Amino acid sequence: MNKEYANEIAYNWKYNGVYSFYDMIADEDDLKEFLNEDNWEGHYFAILNDECELVAYYSYYFEGGILWIGFGLKPELTGRGIGAEFVVAGINFGIKEFEYKKDYIMLAVASFNKRAIKVYENIGFQFVEKYMQKTNGGEFEFIKMKKLI
423 MNKEYANEIA
433 YNWKYNGVYS
443 FYDMIADEDD
453 LKEFLNEDNW
463 EGHYFAILND
473 ECELVAYYSY
483 YFEGGILWIG
493 FGLKPELTGR
503 GIGAEFVVAG
513 INFGIKEFEY
523 KKDYIMLAVA
533 SFNKRAIKVY
543 ENIGFQFVEK
553 YMQKTNGGEF
563 EFIKMKKLI
């Protein structure tokens with residue numbers, strides 16, 4: 423990740439409808455964290471296409487030694503059937519990048535995001551639990567999911 427890509431994602435990626443929940447500017451704390459360069463190394467990775475255009479990013483963090491992964495796909499690319507390939511590539515990259523040896527990874531997804539949940543289930547993620555999280559000026563239901571690797 424670099425400043426140019428982070429600013430592009432934060433200020434220019436606008437999702438439609440309920441997916442505007444994922445706009446970086448929707449939550450001031452999330453925006454500050456994302457734009458803080460100290461948080462990028464080893465956590466945020468910009469994804470470029472063959473024309474060197476920013477098309478996505480992956481985020482990774484560890485909790486209790488377990489790798490958690492997050493995804494951001496350029497708004498124009500969502501809903502085009504590339505989600506599974508994109509997520510699998512992010513998982514494979516994270517496992518290699520961090521030399522991850524545990525037998526599963528985790529992610530969290532807003533429970534209203536049925537499109538993403540379907541992608542995750544189709545590639546082997548399983549429901550773990552629901553929980554409430556404060557974000558975007560409110561409290562929203564999220565789902566933790568786990569994938570054996």
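What the sequence shown shows, in my numbering, is residues 423 to 571, in sequence order. Beta carbons: idealized from backbone N, C-alpha and C, even for Gly. These numbers come from a predicted model, not from an experiment.
| Query | Result |
| --- | --- |
| Please list the terminal residues of the continuous beta strand (DSSP E) segment that includes Y587. | Outside the shown range of the chain, which is 423 to 571, sits residue 587, and nothing can be said about it. |
| Does DSSP put F547 in a helix, in a strand, or in coil? | coil |
| Tell me whether the beta-carbon of G512 lies closer than 7 Å to the beta-carbon of F493. | yes |
| Buried or exposed: where does V440 fall if 16 or more other Cβ atoms within 10 Å of its Cβ makes it buried? | exposed |
| Where do the N-terminal and C-terminal ends of the beta strand (DSSP E) with I447 fall, by residue? | Note, I447: premise wrong, no beta strand (DSSP E); not H, not E. |
| M497 to Q548, Cα distance in whole Å? | The residue asked about is misnamed: residue 497 is Pro in this sequence, not Met. Cα-Cα distance, rounded: 25 Å. |
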